[in-house]
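K.L.:
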């Protein structure tokens with residue numbers, strides 16, 4: 024046992040580094056002068072070290088801490104994405120005026136940020152329902168506080184309160200579902216659950232009830248209709264770096280956990296080559312339920328986005344609709360579908376962060392989040408305008424940006440599995456989404472700027488961050504094979 | 437009826453009854469006291485399952501600690517501590533139908549399920565077993581709970597401190 028724990032510790036270095044970073048952030052906040060900037064760089068350095076440890080885990084396929092956590096290519100892929108997200112969010116937070124003016128105790132801010140990231144790392148690897156729930160809560164509790172961090176702003180306090188209430192409901196559903204699952208399988212780790220489900224002949228109604236509840240719990244986290252209603256309010260009210268974090272990293276971690284849980288618990292190991300749902304398809308067709316959820320999400324969110332005038336709300340609805348596109352991969356649950364989901368999540372991370380970042384810069388300088396105030400912005404400040412347009416075009420899914428590649432792969436995988444109607448719906452909702460993305464671009468470029476509008480000067484740091492986000496949007500749009508092969512190699516889960 | 441079965445049903449009724457009082461009472465102090473009976477009844481359940489350590493912890497932490505803090509919180513924050521909470525029922529019919537449907541589904545499912553039942557082991561000392569498991573198989577969750585509680589405390593301090601306009605000395609951070 025002692026050897027196993029020691030071996031496990033050496034395979035757990037990224038998470039340990041994150042925990043140490045968390046402690047270092049608090050200490051730095053207490054000790055250092057000029058703490059606002061310094062704490063950020065301490066956390067940034069900690070995340071860089073974490074990233075190095077994550078890279079060193081490439082190719083491992085182990086289960087550690089008595090089957091609590093898996094260190095496999097799948098979790099390494101997601102930990103890599105989450106580290107990138109964390110690094111950018113630290114940069115966003117340093118730039119954000121909103122945090123500088125309204126947020127005190129910035130040390131605690133970065134500490135909680137690291138805590139959320141730790142929870143997400145655990146979500147990416149958790150193979151035991153106890154661990155899954157703990158990771159879920161670690162992420163949620165810190166996110167509640169972060170979304171209310173600028174709490175002297177009324178909307179931020181409101182966002183935090185709404186998030187706590189809806190988040191508790193989702194945790195309750197998830198926990199109830201997991202308990203029922205333990206009750207019928209007698210096991211808490213997902214391998215044991217799979218074995219119990221496969222050996223017992225009759226799948227009771229309680230199995231479907233519990234999976235339904237687990238699905239509802241996850242649907243809140245990844246904002247799937249009809250469990251999305253907290254998202255626009257929380258995304259609008261939270262400080263923009265945190266909104267970006269919730270819209271990207273939180274969703275990535277939620278999808279990672281959902282994919283691993285469904286794939287391992289409910290899929291028969293012997294027949295994973297073609298379609299994924301045979302293990303549980305016996306009575307209720309799960310894939311059709313997931314497909315309906317995806318359809319609702321894509322169409323509903325895109326329709327609701329048409330009426331938004333607040334850029335953060337618009338991007339919130341856009342991110343909900345993207346969750347629908349990604350959920351299409353879960354309908355298949357085979358290797359191809361999962362690889363397409365992972366490619367989509369990676370590209371979604373970059374383009375969504377870019378759009379939110381520019382919205383944050385504009386909101387900091389012009390003190391407006393209304394799209395109608397964006398008039399002529401592309402002419403008065405061309406760099407920001409053009410970059411925003413590129414990110415929005417990528418989100419809409421046009422070539423030659425990476426957004427096109429993301430959509431192509433997920434559509435291709437879904438067609439290949441024979442779900443033609445789902446792709447038709449997805450294509451239709453892509454067309455709807457064009458309207459609201461283009462409306463922002465039209466406002467920025469086709470209208471004259473009002474006389475009072477001064478150009479927004481951008482510092483070199485801001486430009487560097489924008490360019491760092493623009494490069495992958497273009498590179499992966501043209502030269503996508505490395506990302507694809509990485510994702511394909513990463514569909515290796517421990518225990519399959 | 438066996439004594440243990442009798443005790444089980446007695447405490448089950450106590451838990452459900454006091455939980456109902458907690459939810460439906462409009463006086464927050466009454467609610468808090470009803471919650472105490474719910475939590476104490478749960479501790480009795482653990483004791484009936486020979487989980488002595490968990491039962492004692494439940495009493496110490498929930499009944500002894502959290503409940504007292506809830507009562508103190510109520511007394512220190514509200515102006516009059518017997519103030520009626522403003523409650524209003526909205527969407528009575530849909531909510532009732534929804535709850536009924538959920539209750540029926542849950543009850544039918546629970547009755548029709550073959551649960552995995554572990555035999556009851558009459559252990560007197562469970563502390564050693566728990567301690568060994570926490571240091572071996574459940575070491576990681578044990579540590580992660582530590583981080584979770586740390587973040588929860590700091591988050592609560594962050595949320596609870598007053599900011600409305602006034603300047604705070606930086607040394608007051610939690």
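Residue numbers (our numbering), protein chains in the order written: chain G, 24 to 519; chain B, 437 to 610. Glycine is no exception: its CB is placed at the ideal position from the N, C-alpha and C atoms. These figures come from a predicted structure and were not determined experimentally.
Is any beta-carbon of chain G found at less than 8 angstroms from that of residue 458 (chain B)?
P.N.:
By this cut-off, residue 458 (chain B) is not an interface position.
K.L.:
What does residue 94 (chain G) pair with, by DSSP beta-bridge criteria?
P.N.:
Answer is G:85.
K.L.:
In chain B, what lies closer than 8 angstroms to residue 229 (chain G) by C-beta?
P.N.:
Those are 545, 546, 548, 549, listed as they occur along chain B.
K.L.:
Flag this pair as yes or no: are the beta carbons of residue 48 (chain G) and residue 133 (chain G) separated by less than 8 angstroms?
P.N.:
Cβ distance < 8 angstroms, so residue 48 (chain G) and residue 133 (chain G) count as in contact.
K.L.:
For residue 3 (chain G), which three-state DSSP category applies?
P.N.:
As displayed, chain G neither begins before 24 nor continues past 519, which places residue 3 (chain G) out of reach and without an answer.
K.L.:
Quick check on this structure: which residue in B:483, B:594, B:465, B:548 has the alpha carbon closest to the alpha carbon of residue 506 (chain B)?
P.N.:
The shortest C-alpha separation from residue 506 (chain B) is found at B:465.
K.L.:
Kindly indicate the opening and closing residues of the alpha helix (DSSP H) around residue 218 (chain G).
P.N.:
From DSSP, the alpha helix (DSSP H) with residue 218 (chain G) extends over 213 to 222.
K.L.:
Put residue 393 (chain G) into one of helix, strand or coil per three-state DSSP.
P.N.:
Strand, per DSSP.
K.L.:
Can you tell me which of G:441, G:500, G:429, G:411 puts its alpha carbon nearest to the alpha carbon of residue 461 (chain G)?
P.N.:
Checked all of G:441, G:500, G:429, G:411; the closest Cα to residue 461 (chain G) is G:411.
K.L.:
Under the rule that 16 or more other beta-carbon atoms within 10 Å means buried, what is residue 171 (chain G), buried or exposed?
P.N.:
By the neighbour-count rule (16 or more Cβ atoms within 10 Å), residue 171 (chain G) is buried.
K.L.:
I need the straight-line Cα distance from residue 41 (chain G) to residue 90 (chain G), nearest angstrom please.
P.N.:
Approximately 21 angstroms, taken between the alpha carbons.
K.L.:
For the candidate residues G:441, G:334, G:406, whose alpha-carbon lies nearest to that of residue 311 (chain G)?
P.N.:
Residue G:441 is the option with its Cα nearest to residue 311 (chain G).
K.L.:
Got a sec, what are the start and stop residues for the alpha helix (DSSP H) residue 524 (chain B) sits in?
P.N.:
First-last for residue 524 (chain B): undefined, no H or E at that position.
K.L.:
Between which two residues does the alpha helix (DSSP H) containing residue 462 (chain B) stretch?
P.N.:
Per DSSP, residue 462 (chain B) belongs to no alpha helix (DSSP H) and is neither H nor E.
K.L.:
Run the proximity test for residue 571 (chain B): is its beta-carbon closer than 7 angstroms to any non-hydrogen atom belonging to the ligand GDP?
P.N.:
As presented, the structure is devoid of all ligands, the ligand GDP included, so that no description of it is given.
K.L.:
By DSSP, does residue 440 (chain G) sit in helix, in strand, or in coil?
P.N.:
In the structure shown, residue 440 (chain G) sits in coil (DSSP, three-state: anything other than H, G, I, E or B).
K.L.:
Using a Cβ cut-off of 8 angstroms (strictly closer), state whether residue 575 (chain B) contacts chain G.
P.N.:
So yes, residue 575 (chain B) belongs to the interface.
K.L.:
Are any of the Cβ atoms in chain B nearer than 8 angstroms to that of residue 40 (chain G)?
P.N.:
No, residue 40 (chain G) lies away from the interface with chain B (no Cβ there is under 8 angstroms from its Cβ).
K.L.:
Out of B:591, B:582, B:474, which one is the CA nearest neighbour of residue 447 (chain B)?
P.N.:
Ranking B:591, B:582, B:474 by Cα distance to residue 447 (chain B) puts B:474 first.
K.L.:
Taking the straight line between their C-alpha atoms, what separation do you get for residue 195 (chain G) and residue 444 (chain G)?
P.N.:
So the two alpha carbons sit approximately 34 angstroms from each other.
K.L.:
Nearest-angstrom Cα distance between residue 300 (chain G) and residue 417 (chain G)?
P.N.:
Bear in mind that the predicted position of residue 300 (chain G) carries a pLDDT of just 49, short of 50, making it too unreliable to give a figure here.
K.L.:
Using a cut-off of 7 angstroms between C-beta atoms, extract the partners of residue 594 (chain B) located in chain G.
P.N.:
Under the 7 angstroms cutoff, chain G gives 128, 131, 168.
K.L.:
I want to verify the contact list: residues of chain G whose CB lies under 9 angstroms from the CB of residue 611 (chain B), in sequence order.
P.N.:
Limits of chain B in this structure are 437 at one end and 610 at the other, which puts residue 611 (chain B) out of reach.
K.L.:
In chain B, what lies closer than 7 angstroms to residue 18 (chain G) by C-beta?
P.N.:
With chain G covering only 24 through 519, there is no way to say anything about residue 18 (chain G).
K.L.:
How would you call residue 608 (chain B), buried or exposed, if buried means at least 16 neighbouring beta carbons within 10 angstroms?
P.N.:
Confidence at residue 608 (chain B) is low in this model, with a pLDDT of 37, below 50, so the placement of that residue is unreliable and no value is reported for it.
K.L.:
For chain G, find out if any of its Cβ atoms is closer than 8 angstroms to the Cβ of residue 470 (chain B); answer yes or no.
P.N.:
Taking Cβ atoms only, chain G never reaches closer than 8 angstroms to residue 470 (chain B), which makes this a no.
K.L.:
8 angstroms is my cut-off, CB to CB: does residue 583 (chain B) come that close to chain G?
P.N.:
Yes, residue 583 (chain B) counts as interfacial toward chain G.
K.L.:
Where do the N-terminal and C-terminal ends of the alpha helix (DSSP H) with residue 506 (chain B) fall, by residue?
P.N.:
Run containing residue 506 (chain B): 503 to 513, per the alpha helix (DSSP H) assignment.
K.L.:
Closest to residue 330 (chain G) by CA distance: which of G:188, G:53, G:255, G:137 is it?
P.N.:
The residue with the shortest Cα to Cα distance from residue 330 (chain G) is G:255.
K.L.:
Quick check on the burial criterion: 16 or more other C-beta atoms within 10 angstroms. Buried or exposed for residue 435 (chain G)?
P.N.:
The residue in question, residue 435 (chain G), is exposed, as its Cβ has fewer than 16 Cβ neighbours within 10 Å.
K.L.:
Is the beta carbon of residue 273 (chain G) sitting closer than 8 angstroms to the one on residue 166 (chain G)?
P.N.:
Against a cut-off of 8 angstroms, the Cβ pair of residue 166 (chain G) and residue 273 (chain G) comes out as a contact.
K.L.:
How should residue 445 (chain B) be labelled, buried or exposed, when 16 other C-beta atoms within 10 angstroms of its C-beta is the threshold for buried?
P.N.:
So residue 445 (chain B) ends up on the exposed side.
K.L.:
For the structure I just gave you, are there three or more beta carbon pairs, one from the stretch 509 to 517 of chain G and one from the stretch 352 to 366 of chain G, closer than 8 angstroms?
P.N.:
Yes, the stretch 509 to 517 of chain G is in contact with the stretch 352 to 366 of chain G.
K.L.:
Can you give me the start and stop residues for the alpha helix (DSSP H) that residue 274 (chain G) sits inside?
P.N.:
Its alpha helix (DSSP H) spans residues 274 to 289.
K.L.:
Which chain G residues are close to residue 465 (chain B), counting only those with a beta carbon under 8 angstroms from its beta carbon?
P.N.:
Per Cβ cutoff of 8 angstroms: no residues; residue 465 (chain B) is ~23 angstroms from chain G at best.
K.L.:
What is the DSSP secondary structure of residue 108 (chain G), counted as helix, strand or coil?
P.N.:
Reduced to three states, the DSSP call for residue 108 (chain G) is helix.
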